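Residue numbers (UniProt numbering): 1 to 125.
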């Protein structure tokens with residue numbers, strides 16, 4: 001059922017589950033790609049169960065380049081929705097695709113540089 005760091009709480013607890021466990025994993029991977037940091041790095045199995053599964057701790061959302069870089073607010077909301085502890089609150093992949101399409105539409109290239117065109121991008125400290 002996968003690597004612990006990407007494993008949904010219901011899988012970790014051997015509870016019944018459906019395709020929404022993949023949405024959880026996608027949210028963790030999306031955060032990893034966006035932050036360029038491995039989630040739950042250095043956590044033991046026990047720590048992961050205690051914090052990620054029972055205490056609902058998730059990776060910190062920050063940008064690797066610091067306070068002068070930006071995360072789209074829609075991306076932050078999507079990541080948080082995907083890794084929601086409550087499986088029934090997670091979006092389906094059609095909804096995820098729609099949000100990602102919107103985010104991509106808010107970014108354009110000008111002279112080889114990526115330019116943000118949406119005011120919903122905000123700096124992270």
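Cβ coordinates follow ideal geometry from the N, Cα and C atoms, glycine included.
Keep in mind that this is a model prediction, so the values were computed, not measured.
Quiz prompt | alpha helix (DSSP H) runs contained entirely in the UniProt domain "Protein kinase" (1-103), provided each spans 4 or more residues | solution = 9-12, 20-35, 45-48 and 73-82
_Nearest by alpha-carbon distance to residue 46: which of 96, 93 and 4 is it?_
Sequence index remark: in the chain shown, residue 46 carries index 46 (1-based). The shortest C-alpha separation from residue 46 is found at 4.
Discussion item. Do residue 30 and residue 79 have their beta-carbon atoms positioned less than 7 angstroms apart in this structure?
Written reply: Reading the chain shown from its first residue, position 79 is the one you call residue 79. Reading the chain shown from its first residue, position 30 is the one you call residue 30. For residue 79 and residue 30, yes; Cβs fall inside 7 angstroms.
>> Judging by CA-CA distance, which residue of 106, 97, 102 and 104 is the nearest neighbour of residue 23?
In response: Against the chain shown, residue 23 aligns to sequence position 23. Of the candidates 106, 97, 102 and 104, the one whose C-alpha sits nearest the C-alpha of residue 23 is 97.
Practice item. For my contact list, residue 104 and residue 91 are in at a C-beta cut-off of 8 angstroms; report their separation, rounded to the angstrom. Key: By 1-based counting over the chain shown, the position of residue 104 is 104. By 1-based counting over the chain shown, the position of residue 91 is 91. Incorrect: roughly 17 angstroms between the Cβ atoms, too far for contact.
Can you tell me the Cα-Cα spacing of residue 127 and residue 87, whole angstroms?
Lying outside 1 to 125, the shown extent of the chain, residue 127 is not represented and no answer is given.
- Let me know if residue 25 comes out buried or exposed under the rule of 16 or more other beta-carbons within 10 Å of its beta-carbon. One-based indexing of the chain shown puts residue 25 at position 25. Burial call: buried.
Who are the near neighbours of residue 74 in its chain, counting only those whose CB is closer than 7 angstroms to its CB and skipping five residues on each side? Indexing the chain shown from 1 puts residue 74 at position 74. Closer than 7 angstroms at Cβ, skipping near neighbours: 99, 102, 103 and 120.
Q) By how many angstroms is the C-alpha of residue 95 removed from the C-alpha of residue 85? A) Locating residue 85 in the chain shown gives position 85, counting from the first residue. Locating residue 95 in the chain shown gives position 95, counting from the first residue. Those two C-alpha atoms are separated by around 18 angstroms.
| query | When the Cα of residue 72 is compared with those of 89, 6, 53 and 34, which residue comes out closest? | reply | Within the chain shown, numbered from 1, the residue matching residue 72 stands at position 72. That would be 34, whose Cα lies nearest to the Cα of residue 72.
- Does the distance from the C-beta atom of residue 131 to that of residue 16 stay below 7 angstroms? There is no way to answer for residue 131, as the model of the chain reaches only from 1 to 125.
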